[in-house]
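Undergrad:
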Amino acid sequence: MPLLIKNGRVLDPASGTDAMLDVLIDGGKILELRKQITATGSMQVIDAAGLIVAPGLIDMHTHLREPGQEYKETIHTGARAAAAGGFTSIACMPNTSPVNDNASVTNFIMHQARTEACVNVYPVGALTMGLKGEALAEYGDMKEAGIVALSDDGKTVKSAEVMRRCLEYAKTFSLPVICHCEDADLAARGMMHEGIVSTRLGMRGIAPAAEELIVAREIALAEWVGHPVHIAHVSTSGSVRIIREAKARGVAVTAETAPHYFTLTDDAVASFDTATKVNPPLRTQQDLDAIRQGLKDGTLDVIASDHAPHSSLEKDVEFDHAAFGMIGLETSLSLTLSLVSEGVLTLMQAFEKYTVNPARILNLSKGRIQAGGDGDITIIDTQAEYVMDRGRLFSKSSNSPFIGRHLKGRAAYSIVAGSIIYPFAD
Ligand SMILES: [Zn+2]
Ligand SMILES: [Zn+2]
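In the numbering used here, the protein residues as written are 875 to 1300.
(1) If you drop the 5 nearest sequence neighbours on each side, which residues of the same chain put their C-beta closer than 8 Å to that of isoleucine 1039?
(2) Do you know how far the Cα of alanine 1061 is from the Cα of serine 1208?
(3) Could you round the C-beta distance between proline 1183 and lysine 1240 to whole angstroms and report it? I think they count as a contact, below 8 Å.
(4) I need the boundaries of the alpha helix (DSSP H) containing arginine 1266, first residue and last residue.
(5) Taking the straight line between their C-alpha atoms, what separation do you get for lysine 903 and glycine 930?
(6) Does DSSP put threonine 936 in a helix, in a strand, or in coil?
(7) Would you check whether ligand 1 has a heavy atom nearer than 7 Å to the C-beta of aspartate 1027?
(8) Considering only heavy atoms of ligand 1, does any lie closer than 7 Å to the CB of histidine 950?
(9) Taking contact to mean at least 3 C-beta pairs separated by less than 8 Å, is the stretch 1068-1076 in contact with the stretch 1177-1192?
(10) Using 7 Å as the cut-off, classify the Cβ of aspartate 1180 as near or not near the heavy atoms of ligand 2, replying yes or no.
(11) Going by the DSSP bridge assignment, what does isoleucine 1243 pair with across the sheet?
(12) So the beta strand (DSSP E) lysine 1282 belongs to, where does it begin and stop?
(13) Quick one: residues in its chain with C-beta nearer than 6 Å to the C-beta of glycine 1249, no 5 flanking neighbours on either side, listed in chain order?
(14) Take proline 1297 as the anchor and find which of Gly1278, Asp886, Phe961 has the nearest alpha-carbon.
(15) Kindly list the residues whose CB is nearer than 6 Å to the CB of asparagine 1273, restricted to its own chain and excluding five residues on each side of it in sequence; keep chain order.
(16) Does the stretch 1077-1092 come within contact of the stretch 1101-1119, defined as at least 3 CB pairs closer than 8 Å?
(17) Does DSSP put glutamine 1159 in a helix, a strand or coil?
(18) Keeping to the same chain, check which residues put their C-beta closer than 6 Å to that of leucine 938; ignore five residues upstream and five downstream.
(19) Alpha carbons only, please: which of Pro1275, Thr1139, Tyr996, Glu1042 is nearest the one belonging to isoleucine 1070?
(20) Find out if the Cβ-Cβ distance for the pair threonine 936, isoleucine 964 is shorter than 8 Å.
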């Protein structure tokens, strides 16, 4: 049945459109976009008065844990968490078990995505076999099977020489490379940001330089090889500065940060809440300010959740022994909208980081509202206020420091190919 979205404020960063328009979707595609489309009896109608109508949001950095750790998350539950958070497309990292380093694993993920997921799922393939940083993975086969990018996320390719070969090989397949930047020796056994708070708590720290060294290395290699890199989860002011400088010189580098890096500082770790243990770690107020400035001036192109589900087995333990990571699919949009209400970003800038920018980096024909384009839409109520409680999470895991937090702004509808997938029918 055709779907007509009426009376909404359409925000499309790709075209710069910000206008009251109706959107008609049929056959999975956007058929028409104009003022006052008249509803007919054969149409399903959403009244979007007072709501924002945006291109379907894209989260280019999630961990879905399937195959291998289905007790934490599955492609089915992760996709539902995404839809509830306003996302219609997500990219999932290859650090599953087995690792997505060959076409048979990619095929399995694609199959599960087709049969189990309510959103579009785009697998990211590993740079190296088993994420070991040694032999290169099977890029061509994985690309044919459906991967959209390459990454050893969770780890840095330790050898610069191997990383150079990864970039050269990725270039032959035109696959973007996403870099998890952390010098393993410098960060070894670190639990949190190295600074005043870690000293006070007596915890081993991770110096900002551990991230910045590798950010600089990846940029130097990208420049030399002539193939773009995308820097994942930027957490330090130094990284923002290095990326800004490289962009100014015309180097093909893009970057993302995650909502926790512009919302929380290492002070949150003093609670010993293991949900605050993330990699890279929560940094200082000065870093948080630099991340916000980087988002504002465009140094940071994308906001991505780095959704990293863990069960109580990994999190209800001493801080030292807890796994790194927090979930984020269901809080990212609200936390980003708070940057808008604080005046850091305009609504257009905020949505750019979830639509046209990740689509461009991953070469997806998504992230815009235009006639003939895919009928993926997110409708947002920027005024909805709620408390994030554990009971309302659709993720299988609940490792989030934002549980109990009062939030404002959330998805009212998520629409994939013209079908309303959220609110859920069941
Ligand atoms: Zn990572
Ligand atoms: Zn990650």
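Glycine included, every Cβ here is placed at the ideal spot set by N, Cα and C.
As the structure is a prediction and not an experimental result, all values here were calculated from the model.
TA: Inspection of the coordinates gives the following:
(1) By one-based count along the sequence shown, residue 1039 stands at place 165. Residue identity check: residue 1039 is arginine in the sequence provided, not isoleucine. The answer, listed in chain order, is Leu1010.
(2) Along the sequence shown, one-based indexing puts residue 1208 at 334. Along the sequence shown, one-based indexing puts residue 1061 at 187. Taking the straight line from one Cα to the other gives about 31 Å.
(3) Here residue 1183 is taken as the residue at index 309 of the sequence shown, counted from 1. Here residue 1240 is taken as the residue at index 366 of the sequence shown, counted from 1. So it is not a contact: roughly 24 Å between Cβ atoms.
(4) Taking the first residue of the sequence shown as 1, we reach residue 1266 at position 392. Per DSSP, arginine 1266 belongs to no alpha helix (DSSP H) and is neither H nor E.
(5) As a working note, residue 903 is residue 29 in the sequence shown. As a working note, residue 930 is residue 56 in the sequence shown. Lysine 903 and glycine 930: Cα-Cα distance of roughly 12 Å.
(6) Residue numbering aside, residue 936 sits at position 62 when the sequence shown is read from its first letter. The three-state secondary structure of threonine 936, taken from DSSP, is strand.
(7) The residue labelled residue 1027 in the question sits at position 153 within the sequence shown. Yes - ligand 1 has a heavy atom lying nearer than 7 Å to the Cβ of aspartate 1027.
(8) Translated into positions along the sequence shown, residue 950 becomes position 76. Not so, every heavy atom of ligand 1 lies at least 7 Å from the Cβ.
(9) With the cut-off at 8 Å, the stretch 1068-1076 and the stretch 1177-1192 do not touch.
(10) In the sequence shown, the residue the question calls residue 1180 occupies position 306. For aspartate 1180, the CB falls within less than 7 Å of some heavy atom of ligand 2.
(11) Residue 1243 sits at position 369 when you count from the first residue of the sequence shown. The secondary-structure analysis by DSSP pairs isoleucine 1243 with nothing; it has no beta-bridge partner.
(12) Residue numbering aside, residue 1282 sits at position 408 when the sequence shown is read from its first letter. Per DSSP, the unbroken beta strand (DSSP E) holding lysine 1282 starts and ends at 1280-1290.
(13) On the sequence shown, residue 1249 is found 375 positions in, with the first residue counted as 1. For glycine 1249, where only same-chain residues beyond five positions count, the Cβ hits under 6 Å are Ile899, Gly902, Lys903, Ile904, Ala1291, Gly1292.
(14) Taking the first residue of the sequence shown as 1, we reach residue 1297 at position 423. Selected option, being the one with the closest Cα: Phe961.
(15) Stepping through the sequence shown from its first residue, residue 1273 is reached at position 399. Sequence-distant partners of asparagine 1273 (beyond 5 residues in either direction) whose C-beta falls short of 6 Å from its own C-beta, in its chain, are Ala1149, His1184, Lys1189, Met1200, Ile1201.
(16) Touching, per the Cβ criterion.
(17) Working through the sequence shown from its first residue, we reach residue 1159 at position 285. Reduced to three states, the DSSP call for glutamine 1159 is helix.
(18) In the sequence shown, the residue the question calls residue 938 occupies position 64. Setting aside the 5 residues that flank it on each side, leucine 938 is surrounded in the same chain by Glu947, Ile949, Gly952, Cys966, each with a C-beta closer than 6 Å to its C-beta; the list follows chain order.
(19) Position 196 of the sequence shown, counted from the start, is the residue given in the question as residue 1070. Looking at the Cα atoms, Thr1139 is the closest of the given residues.
(20) Working through the sequence shown from its first residue, we reach residue 936 at position 62. Working through the sequence shown from its first residue, we reach residue 964 at position 90. Against a cut-off of 8 Å, the Cβ pair of isoleucine 964 and threonine 936 comes out as a contact.
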